[in-house]
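K.L.:
In this note's numbering, the protein residues as written are 19 to 163.
(1) Let me know if residue 86 comes out buried or exposed under the rule of 16 or more other beta-carbons within 10 Å of its beta-carbon.
(2) Give the straight-line distance between the Cα atoms of residue 60 and residue 45, rounded to the nearest whole angstrom.
(3) When you compare only the Cα positions, how much space is there between residue 149 and residue 41?
(4) Under 8 Å, do residue 144 and residue 154 count as touching if we go by C-beta distance?
(5) State the DSSP-derived secondary structure class of residue 33, mapped to helix, strand or coil.
(6) Cutting at 8 Å between CB atoms, please list the residues of its own chain near residue 158, excluding the five before and the five after it.
(7) Beta carbon of residue 152, beta carbon of residue 56: below 8 Å?
(8) Pull up the distance between the alpha-carbon of residue 27 and that of residue 39, whole angstroms please.
(9) Just mark residue 51 as buried or exposed, buried being the case when its beta carbon has 16 or more other beta carbons within 10 Å.
(10) State the Cα-Cα distance for the pair residue 66 and residue 43, rounded to the nearest angstrom.
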């Protein structure tokens with residue numbers, strides 16, 4: 019069995035340990051940075067929306083399917099019985115329509131406006147969690163699977 023001293027004398031293993039340490043250091047720095055950015059974007063979106071709405075109400079009842087127009091490019095491009103659009107807009111309750119308080123629609127528009135190409139990844143996010151979790155909004159800016 020190899021001793022710990024043998025591990026540090028082999029160049030390949032030493033490089034592997036250095037690479038692992040570098041990844042851990044980078045991850046710990048990026049975790050906090052990404053968390054802060056997600057919270058900042060979340061706060062900015064809500065500040066912008068609540069400043070423009072007469073009586074701000076939280077959008078706890080928002081649903082992504084209701085906010086998306088059908089067909090949505092990138093989501094509703096599949097045809098057939100099991101396509102995402104068919105399952106997303108399968109009932110009258112999930113048909114695209116404006117919300118009465120308009121808060122959900124304004125948050126949706128603000129997410130879209132802040133996206134570099136104005137095409138957020140709606141598959142990654144769930145609108146009903148936008149108020150509770152800053153990462154739900156941040157995931158709209160990440161590439162889809």
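All C-beta atoms in this analysis are idealised placements derived from N, C-alpha and C, irrespective of residue type, glycine included.
P.N.:
With the structure as the only source:
(1) The sequence position of residue 86 within the chain shown is 68, counting from 1. Residue 86 comes out buried.
(2) Here the question's residue 60 lines up with position 42 in the chain shown. Here the question's residue 45 lines up with position 27 in the chain shown. If you take the alpha carbons of residue 60 and residue 45, they lie about 22 Å apart.
(3) Mapped onto the chain shown, residue 149 falls at position 131. Mapped onto the chain shown, residue 41 falls at position 23. For residue 149 and residue 41, the distance between alpha carbons rounds to 32 Å.
(4) Against the chain shown, residue 144 aligns to sequence position 126. Against the chain shown, residue 154 aligns to sequence position 136. Closer than 8 Å, so yes.
(5) As a first step, residue 33 is located in the chain shown; it is residue number 15 there, counting from the start. Reduced to three states, the DSSP call for residue 33 is helix.
(6) The residue you call residue 158 lines up with position 140 of the chain shown. Here the set comprises 129, 133, 138, 139, 140, 142 and 143.
(7) If you number the chain shown from 1, residue 152 lands on position 134. If you number the chain shown from 1, residue 56 lands on position 38. Yes, these two residues count as a Cβ contact at 8 Å.
(8) The sequence position of residue 27 within the chain shown is 9, counting from 1. The sequence position of residue 39 within the chain shown is 21, counting from 1. Residue 27 and residue 39: Cα-Cα distance of roughly 17 Å.
(9) As a first step, residue 51 is located in the chain shown; it is residue number 33 there, counting from the start. Residue 51 comes out exposed.
(10) For the purposes of this step, residue 66 is taken as the residue at position 48 of the chain shown. For the purposes of this step, residue 43 is taken as the residue at position 25 of the chain shown. Using only the alpha carbons, I get a separation of about 35 Å.
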